[in-house]
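Residue numbers (our numbering), protein chains in the order written: chain A, 1 to 301; chain B, 1001 to 1301; chain C, 2001 to 2301; chain D, 3001 to 3301.
Ideal Cβ placement from N, Cα and C applies to all residues, glycine included.
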């Protein structure tokens, strides 16, 4: 009945990196939150307090900044893969690396009908994300890329029904043929390989999800999510599976009858908690094995 | 040396109201957080626990929903004024009302190159705000409208210097002729009267501030704020004064010299805390008296 | 109709200072968030971008750390006063200084029935605060100290009624003779002078407020707050006035009648928003003039 | 290459339940945030929008409140197990249930040296948690209970070293034999079975972790975590494994040498981001299979 060290990893979380490209007077900017994590043969650090295999998290942070300057950043997926490979090549005890990057979007400030060269305003249509896992190197290198978007808040004022549901002794909910449907979507998709134009794929997948959310006549949030995921897989052969986590942000029709007022779907109370939470995934039958691609990603079944 | 009740007010905070206009299949939406507050002759409630003068905060919440349905919402300034006047006409003990409204912006989801009729995505370019104070009614009615924007995050990658500052024994900061300037602006302006096209004024004032932030070559955040405020007052005679509260969101150039790497203004560390906090106001000499217009608004000198 | 600079101030916000006293093996710790702010003759910085009168906020941050080491910290009120006087003596253009400090409390970790010498656990019974304003120096020096506590969350399961209130056309609330009363109190009191044992006064005032909250049979949150404030002023002649801001954190009795279940004050739904917000102050008739003591402190009438 | 529904679950998240026990005038309170989730044969809802198998999340919320009244709450582990079994017995399509409960702690307000009967103050020493998964029923019923604590913020001012670590080209960190060690611990342990006195086990495991944190002379956060976990497993045979996620909340010694000041471990800057993030688990060799016990729990390797 021995007691021993189980799975473990360590790294630097939430390195706030802003990378400016000043090749021309029309600057570009990538604004990232980078988290790095290593796993492998780090037993000595845990059991004996011996750090000789441990690259400090401070050095991991320095690496993020140094590689951003030396090699540039590009798409967050490429930068994450580059970081992971670098750590696996540098730290002998590391067998795997997990890099998570959030990208915060900026738009150019409009001046005289044109985006300004070097002045930006933060855009709020969601945060782009990626979680990259690399195990091993050379011929044994195994790679997983899970990209996504979070904090994408969408709402439709009609085109959403909810009825015909299972009822038990504690069911009081009224059926409805017209309600507000709203969610703050977290959506993550796993790429089948790494030969992808990441920026282009991201833009297309997000646009597709927005369009499908708008167009699907909804009989439940489950069905809307499934339809969104299905379209992504149909149009993006490079995507092996997609997972969505969607709080059902309830908008309750306010009962104004005590005041002799009708409320024909016009006045709603937007509730904070509790909220429905719907999690669904859509997959290809022939998707490659996920391995540890989804490990430690919160909020998904 | 008597002890007595001092200033007091009470109300319902953060009523989350979503008002849908379905006059045509192309719906409109206003998504508001409304806080109401009454002040006046409420001593009995405090000193004796006698509620006979106190309209419950629950009734205030109901009123927000009921008036939104019965009378519509329109610009947040108009809705706030309407609520304030309603409470002062309804509650005999109320001598003043303070209504604060935040508006959360939605954009239509683009589908086939056109905004969808009833599907929206949350936009993140700041939150529109208003704080309305009304005292009394009829001939003695006194009104103050302070509108603004908050969470407007802007950044410029160049065109910002900081040097020639006062130095004391604890000064170690290096002077710079090129730095990133970034802030999450809170800006509030007081209208001189209420004969204003609120939506139009808001759009113009925000656009003007963004443009000025972009165009002013900055020698300090103070100077940028002053220039932004000055332009607003020059172009908007209906604005009596403007106050801005601007955290200087520091972006520190990372020292990569230990790694034999140059960093010509390309790699920055975005710090959370501490941050500089610059608060400035620009006023007209002939502005009407502010009275209690700014009362209880945090973060302003 | 000239346009000109209005009130302004600037400084460093949220400097996270941890000061350890290691005079004996039994260490002490003060964990502070310090914000400094200067006001005065800073027009040149705003209007012309001329920084020659401006001590950088970076130097203000350095000063917080340096004085903490050189002179020690002590009670947050003393440290704030010391910082304010230092800045006014150092920066010729500064006419006033505002220092705000939050103190985060730690308790010793119990080991073998005794608090450990150098290991601590964060305690959650509220955050101690102070806002100190100093104008001028020497004979003209004017000082205001407003101390307080925030995030002090309290609840009573009975001993709270609410009835006999004013009713209008939008009132639907039922009267009750037994409800949960809960709030997350922000309480701030202004000291009449600075000859105070700050730590002792703080402990006593907080204990008194807790006790009164527990003991007062409540007919409204207003009456509870007034009673709490009254006791503080009666027992603390050094306190000139006290202001309290108290969200009424609603706990709604869940209607279980659809399930043929009684609910005799046992099962409640704790709501987030909206909430009642009650703000009240208790003052002495002979309190000295507050001047700018309350300036920029949010959430108070 | 068919596209199909993958793993999915749905439920009601963050039901804020406060349960008062008023059997005697000395009331007791349990303040919980409950999230319920069902998984099973819900394909029709996703693929066809057919809700006939779906118990609404609103009914799940009602169930939380109704069972809290009808059957009482008790330890959060018991309440979670009771809810899970109830849903699996009630909803034919459900094959598994996941119930997550957070418990927020209250202490009695001290009055005259004794805890008050019905007045409480929120305590801040962490949030107690449990995640219960039940699959199937009767002979095939499989149960996993993972309990824990989060937001347990601890700090030691000495007794922590960090040196002898692996160095690469990007390493600049200085070795130290005395530093502040601080973390906001999330700790979760999996019980080997369900015949446990949950409240007693929780108190003991938390106390043990605090003690070990205090007593272990640390050569790295990894080693401290391992020692804490090891003690828990040695003293609690009912625990099969424990996982800890610990941000290394850096406290940097401020360099005061530019001001000719020594800083002998007294003045620190508490940084927000980035932070080290150490995740470690300690397991028994003969622990029963975890199955889906850890599924969807964020922040663990």
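Counting the other CB atoms within 10 Å of its CB gives residue 2130 (chain C) a total of 16 or more, which places it among the buried residues.
Separation of the CB atoms of residue 1229 (chain B) and residue 1280 (chain B) is rounded to 7 angstroms, and the pair is thereby assigned contact status at 8 angstroms. Under DSSP, residue 3156 (chain D) takes part in a beta bridge, and its partners are C:2119, D:3181. The alpha carbon of residue 2143 (chain C) has as its nearest neighbour, out of C:2063, C:2195, C:2222, the alpha carbon of C:2195. Contact annotation: the region 3256-3269 of chain D does not touch the region 3213-3225 of chain D, with fewer than three C-beta pairs closer than 8 angstroms.
With the criterion set as a beta carbon lying under 9 angstroms from some beta carbon of chain C, the members of the region 3125-3155 of chain D are 3125, 3126, 3151, 3152, 3153, 3154, 3155, in sequence order. Note on residue 1176 (chain B): under 16 other CB atoms within 10 angstroms of its CB, so exposed under the neighbour-count rule.
In the DSSP annotation of this structure, the continuous segment of the beta strand (DSSP E) that includes residue 1106 (chain B) starts and ends at 1106-1111. Taking all protein chains in view, the Cβ of residue 2235 (chain C) is surrounded by fewer than 16 other Cβ atoms within 10 Å, so the residue is classified as exposed. For residue 1216 (chain B), no alpha helix (DSSP H) encloses it, and the DSSP letter there is neither H nor E.
The beta carbon of residue 3290 (chain D) does not come within 8 angstroms of any beta carbon belonging to chain B, so the residue lies off that interface. For residue 3243 (chain D), the enclosing beta strand (DSSP E) has its first and last residue at 3239-3248.
The three-state secondary structure of residue 2070 (chain C), taken from DSSP, is helix. Per DSSP, residue 89 (chain A) is one residue of the alpha helix (DSSP H) stretching across 76-90.
Residue 1265 (chain B) and residue 1179 (chain B) have their alpha carbons spaced roughly 8 angstroms apart. Note that the region 82-92 of chain A touches the region 123-137 of chain A; at least 3 beta-carbon pairs, one per stretch, sit closer than 8 angstroms. At a cut-off of 8 angstroms between beta carbons, residue 95 (chain A) makes no contact with chain B.
For residue 3232 (chain D), the enclosing alpha helix (DSSP H) starts and ends at 3221-3235. Collapsing the DSSP output to three states places residue 46 (chain A) in a helix. By the neighbour-count criterion, in which a residue is buried when 16 or more other Cβ atoms sit within 10 angstroms of its Cβ, residue 240 (chain A) is buried.
When 8 angstroms is used as the limit between beta carbons, residue 1089 (chain B) is near no residue of chain A, the shortest such separation being about 16 angstroms. As the crow flies, the alpha-carbon of residue 3081 (chain D) is around 14 angstroms from that of residue 3190 (chain D). Around the Cβ of residue 3128 (chain D), a 10 Å sphere holds 16 or more other Cβ atoms; the residue is buried. Membership of residue 1051 (chain B) in any beta strand (DSSP E) is not indicated, and neither H nor E is assigned to it by DSSP. Here the region 2049-2058 of chain C makes no contact with the region 1279-1294 of chain B; the two share fewer than three CB pairs at distances below 8 angstroms. In chain order, 75, 77 place their CB closer than 6 angstroms to the CB of residue 198 (chain A), counting only its own chain and leaving out the 5 sequence neighbours on each side. Residue pairing from DSSP places residue 2251 (chain C) in a beta bridge opposite C:2270.
Distance from the CA of residue 3184 (chain D) to the CA of residue 18 (chain A), rounded to the nearest whole angstrom, comes to 27 angstroms. Beta-bridge analysis with DSSP links residue 200 (chain A) to no other residue. Rounded to the nearest angstrom, the gap between the Cα atoms of residue 2141 (chain C) and residue 3027 (chain D) is 52 angstroms.
Within chain A, the residues placing a beta-carbon under 7 angstroms from that of residue 1118 (chain B) are 156, 157, 158, 159, ordered along the chain. For residue 1013 (chain B), the enclosing beta strand (DSSP E) begins and ends at 1003-1013.
For residue 3035 (chain D), the enclosing beta strand (DSSP E) stretches over residues 3028-3040. About 5 angstroms separates the beta carbon of residue 2126 (chain C) from that of residue 2151 (chain C), a gap short enough to meet the 8 angstroms contact definition. With respect to the 8 angstroms criterion, residue 20 (chain A) and residue 64 (chain A) are not classified as neighbours on the basis of their beta carbons. Rounded to the nearest whole angstrom, the CA to CA distance from residue 1153 (chain B) to residue 1188 (chain B) is 15 angstroms.
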